[in-house]
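2 protein chains.
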Amino acid sequence: MDYRFRLWLMKNNKKVFGEGPLKLLKKVEELGSLRQAALSMQMSYSKAWKIMKHVEEELHIKLLERKIGGKTGGGSTITREAKDLIKNYEALVASVNKKIEEDVNKYFMI
Amino acid sequence: MDYRFRLWLMKNNKKVFGEGPLKLLKKVEELGSLRQAALSMQMSYSKAWKIMKHVEEELHIKLLERKIGGKTGGGSTITREAKDLIKNYEALVASVNKKIEEDVNKYFMI
DNA sequence: CATCGTTATTCTTTTGCGCAGATAACGCAT
DNA sequence: ATGCGTTATCTGCGCAAAAGAATAACGATG
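Chains as they are written, first to last, in our numbering: chain A, 306 to 415; chain B, 306 to 415.
Below is the structure:
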């Protein structure tokens, strides 16, 4: 039996971090710009911006180091805290996924 | 750190069973009627009906024993297979939840 | 044979909310 | 001072999901 799961970190009963923000953060890290990250995922910039803002506000951590203006127009790099968040969330998801796979095979042997 | 997760059983890359159908099935078991189950969850009957139909078609199992007509108008009871599905899915979710709780505390100690 | 409340099925209407797109602000370089 | 590509914000609209209406069939019971 196949399965799929989603795992969110919550705060004040609101979704605060999950696959969406994770993917976006990693793209920013790779491309150095929130705009480029959004474009590369066919996501509107405004949506990407809202996601980052939301996570930062709810989690009270700074994810992006923004630079506005300048020769290149600016850009964003991700903070140390963001890198830690990525690392921990990915480790968490990997561990959980392993367990789910085992259990699905246990309870749904087909 | 709080968390939330959703776990779906998949078939042909489509969601086939999850929390929604589970809750509905249990309500039918409790109330003996799909209509009453939908009402009790402030869900439209057509939606409830579609959910049951979808699961049955995709999973190729019969979930409800329908009775149309009669003094009380009829009603639905859930099949043995449906009971097994409930039991296994709940056991799976419980086991996974336990693991997630451990891991969340391990990776997000706050 | 009329009544009743269900299941079954399809169609139309509504609603909410996610999203894209427009606009502003910014600052370095030339 | 002009241009450029960012970040930052706001607004209104599209569209899918959901609700609801309409319709039919059913069968025990009085």
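Here a beta-carbon is modelled for each residue, glycine too, at the ideal position from N, C-alpha and C.
Here the structure is a predicted model, which means the values were calculated and not measured.
First and last residue of the beta strand (DSSP E) that includes residue i?
i	result
residue 379 (chain B)	379 to 383
Give me whichever residues DSSP pairs with residue i in a beta bridge.
i	result
residue 372 (chain A)	A:380
residue 354 (chain B)	Per DSSP, none; premise fails for residue 354 (chain B).
residue 310 (chain B)	A:312
For the alpha helix (DSSP H) containing residue i, list its first residue and its last residue.
i	result
residue 331 (chain A)	324 to 336
Using 8 Å for Cβ pairs, my map puts residue i next to residue j. What's the rounded Cβ distance?
i	j	result
residue 382 (chain A)	residue 337 (chain A)	6 Å
residue 368 (chain A)	residue 330 (chain A)	7 Å
residue 319 (chain A)	residue 364 (chain A)	Not confirmed; about 10 Å, so no contact.
residue 314 (chain A)	residue 357 (chain B)	About 33 Å separates the two Cβ atoms, so there is no contact after all.
If you draw a straight line from the C-alpha of residue i to the C-alpha of residue j, how long is it?
i	j	result
residue 347 (chain A)	residue 414 (chain B)	35 Å
residue 406 (chain B)	residue 408 (chain A)	16 Å
residue 393 (chain B)	residue 412 (chain A)	6 Å
residue 333 (chain A)	residue 404 (chain A)	30 Å
residue 321 (chain A)	residue 359 (chain A)	7 Å
residue 372 (chain A)	residue 398 (chain A)	32 Å
residue 380 (chain B)	residue 370 (chain B)	8 Å
residue 350 (chain B)	residue 342 (chain B)	9 Å
residue 389 (chain A)	residue 308 (chain B)	18 Å
residue 361 (chain A)	residue 311 (chain A)	20 Å
residue 325 (chain A)	residue 386 (chain A)	17 Å
residue 384 (chain B)	residue 327 (chain B)	14 Å
residue 410 (chain A)	residue 354 (chain A)	40 Å
residue 375 (chain B)	residue 396 (chain B)	37 Å
residue 400 (chain B)	residue 401 (chain A)	11 Å
Can you look up residue i in the DSSP assignment and give me helix, strand or coil?
i	result
residue 320 (chain A)	strand
residue 341 (chain B)	helix
residue 366 (chain A)	coil
residue 349 (chain A)	coil
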